[in-house]
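Residue numbers (the UniProt record's numbering): 1 to 130.
We put the CB at the ideal spot given by N, CA and C, even for glycine.
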């Protein structure tokens, strides 16, 4: 019922403050919407220009409050439960890295690692103290 409306809202310009993420989280958790739509909400505003400039300007919608007040671990739990969502995230990171490497020519290792450096992957795998 609500899924077609949410899909249409995803195609519209995003409001600064909305309950779209919360509604999507509830629908995905209930099984009435696929993870593809959740990923579109999370990363759908990111353009190739944003990727090349390595500046997402808060266009990556993945903060806990975006999925509702009681969903602090929603995205983490969903990534554990859904290989589809995890695959979509990894595929996007790979595409972003590829876009940067095509723009800048031969890919230095720092560009391939660049996007992972900005994720929790770096926090978990780094050898330096914060």
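Under the three-state reduction of DSSP, residue 33 is assigned to coil, being neither helix nor strand. Setting aside the 5 residues that flank it on each side, residue 44 is surrounded in the same chain by 10, each with a C-beta closer than 7 Å to its C-beta; the list follows chain order. For residue 75, the CB contacts under 7 Å within the same chain, skipping 5 residues up- and downstream, are 62 and 67 in chain order. Annotation for residue 67: no alpha helix (DSSP H) segment contains it, and DSSP assigns it neither H nor E. Residue 80 and residue 21 have their alpha carbons spaced roughly 19 Å apart. Straight across, the Cα-Cα distance linking residue 85 with residue 36 is about 7 Å.
Straight-line spacing of the CA atoms in residue 94 and residue 39 works out to 15 Å. Within its own chain, the residues whose Cβ lies closer than 6 Å to the Cβ of residue 33, once the five positions on either side in sequence are excluded, are 3 and 27, listed in chain order.
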